[in-house]
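Going by the numbering used here, the letters in the sequence shown line up with residues 53 to 310, in that order.
In what follows, a single structure is set out as structure tokens and then discussed.
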Amino acid sequence: MKLDINPFTHAINAGTKQIGLWITLADGLAAEVVAGSGYDWVVVDTEHSPGDGLDTAAQLQAFAGTNTTALVRPAWNDAVLIKRALDLGAKGLVIPMIQSVEEAKQAIAATRYPPHGIRGVAGGTRATNFGRITDYYDRIDTELTVILQLETAAAISCAAEIAALDGVDGIFFGPADIAADIGHLGNPMHEDVWALIKPAAAKLQAMGMPCGTLVLDTEFAADLLNNGFTFVATGTDASAFARAVDGLLAQVKDGLAD
53 MKLDINPFTH AINAGTKQIG LWITLADGLA AEVVAGSGYD WVVVDTEHSP
103 GDGLDTAAQL QAFAGTNTTA LVRPAWNDAV LIKRALDLGA KGLVIPMIQS
153 VEEAKQAIAA TRYPPHGIRG VAGGTRATNF GRITDYYDRI DTELTVILQL
203 ETAAAISCAA EIAALDGVDG IFFGPADIAA DIGHLGNPMH EDVWALIKPA
253 AAKLQAMGMP CGTLVLDTEF AADLLNNGFT FVATGTDASA FARAVDGLLA
303 QVKDGLAD
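Written as structure tokens, this is what we have:
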């Protein structure tokens, strides 16, 4: 058995626009609902989510056999958490709160086996189909998507140096934390936030580095994709669910007679 081609890795390298969604409900059945929608990519979040390893596995299983590439965001830039996510079969990682070139190097090393990194070796994992994939070690560096998340003004100031490192497949800008960092907590759409992000992204795009982000405004998401961003998540499963149930309730209330 051979390792599957990761369509997301090759799509962003080719500059093909990719529409995504954040998966935060820590439930395999909820993930399966999303899996039927046909997003290009999703991120199973373990940073701001109550999920554990088994929850993550169930969510990854929900997207298996679909055309959606399931990435995982570990809770932190930690070699053990990264190793566990990879062994569970994540097709890629979005590694949070990268603050420097050195931290970026540490993150990349955690995704690679020796002698190029520090990832521990275990053959009988979900990632290798429990030992059945015979070329996993030869091809995983090519197929795995490694995305580094920049979430502060300081991180953005060294974005070009981070993006130039071997092993980085994409740079993700986190507007919520950037907003907090520059004094606009709770307002990720503030013009000051995007005045930081957009020029930095344009510089990386000129280098050939795919850039992505997460926004809850679908029109703004499309605008970003139309203006140089390669991969944009259009919301989260939890926020979509909340809006849907709120909308249903409001519609029925509006239809009630006085």
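Think of the CB as a built atom: it goes at the ideal place given N, C-alpha and C, for glycine as much as any other residue.
Quantities reported herein were computed from a predicted structural model and do not represent experimental measurements.
I need the DSSP call for residue 246, collapsed to helix, strand or coil. Numbered from its first residue, the sequence shown carries residue 246 at position 194. Per DSSP, reduced to three states, the secondary structure at residue 246 is helical.
Within this structure, are the beta carbons of residue 54 and residue 185 separated by less than 8 Å? Numbered from 1 along the sequence shown, position 2 holds the residue referred to as residue 54. Numbered from 1 along the sequence shown, position 133 holds the residue referred to as residue 185. For residue 54 and residue 185, yes; Cβs fall inside 8 Å.
Look up residue 125 in the DSSP assignment and say whether it is helix, strand or coil. Within the sequence shown, numbered from 1, the residue matching residue 125 stands at position 73. DSSP places residue 125 in strand when its eight states are reduced to three.
Simplified DSSP state of residue 106, which is helix, strand or coil: As a working note, residue 106 is residue 54 in the sequence shown. It is helical.
Segments assigned beta strand (DSSP E), at least 3 residues, entirely inside the region 209 to 286: 222 to 225 and 263 to 266
Among 69, 268, 131 and 89, nearest to residue 286 - alpha-carbon criterion: Counting from 1 along the sequence shown, the entry for residue 286 is found at position 234. When only C-alpha atoms are compared, the closest one is 268.
C-alpha gap between residue 135 and residue 116, whole angstroms: What you label residue 135 is simply residue 83 of the sequence shown in a count that begins at 1. What you label residue 116 is simply residue 64 of the sequence shown in a count that begins at 1. Residue 135 and residue 116 have their C-alpha atoms spaced approximately 20 Å apart.
Would you call residue 97 buried or exposed, if buried means 16 or more other Cβ atoms sit within 10 Å of its Cβ? The count along the sequence shown starts at 1 and reaches residue 97 at position 45. Burial is judged here by how many other beta carbons sit within 10 angstroms of a residue's own beta carbon; residue 97 has at least 16 and is buried.
With DSSP as the reference, label residue 81 as helix, strand or coil. Residue numbering aside, residue 81 sits at position 29 when the sequence shown is read from its first letter. In this structure, residue 81 counts as helix in the three-state DSSP scheme.
For residue 213 versus residue 58, is the C-beta distance shorter than 8 Å? Here residue 213 corresponds to residue number 161 of the sequence shown, with the count starting at 1. Here residue 58 corresponds to residue number 6 of the sequence shown, with the count starting at 1. No, Cβ-Cβ distance for residue 213 and residue 58 is not below 8 Å.
Counting along the chain, where does the alpha helix (DSSP H) carrying residue 192 start and finish? Locating residue 192 in the sequence shown gives position 140, where the first residue counts as 1. For residue 192, the uninterrupted alpha helix (DSSP H) run begins and ends at 188 to 195, by DSSP.
Residues bridged to residue 288 (per DSSP): Translated into positions along the sequence shown, residue 288 becomes position 236. According to DSSP, which records beta bridges pairwise, residue 288 is partnered with 74.
For residue 153, which residues of its own chain have a beta-carbon under 8 Å away from its beta-carbon, when the five flanking residues on both sides are left out? Taking the first residue of the sequence shown as 1, we reach residue 153 at position 101. Cβ neighbours of residue 153 beyond the five flanking positions: 210, 213, 214 and 217.
Give the straight-line distance between the Cα atoms of residue 131 and residue 147, rounded to the nearest whole angstrom. Position 79 of the sequence shown holds residue 131. Position 95 of the sequence shown holds residue 147. The straight-line gap from Cα to Cα measures roughly 11 Å.
Would you kindly check if the distance between the Cβ of residue 73 and the Cβ of residue 94 is under 8 Å? Position 42 of the sequence shown, counted from the first residue, corresponds to residue 94. Position 21 of the sequence shown, counted from the first residue, corresponds to residue 73. Taking 8 Å as the Cβ cut-off, residue 94 and residue 73 qualify as a contacting pair.
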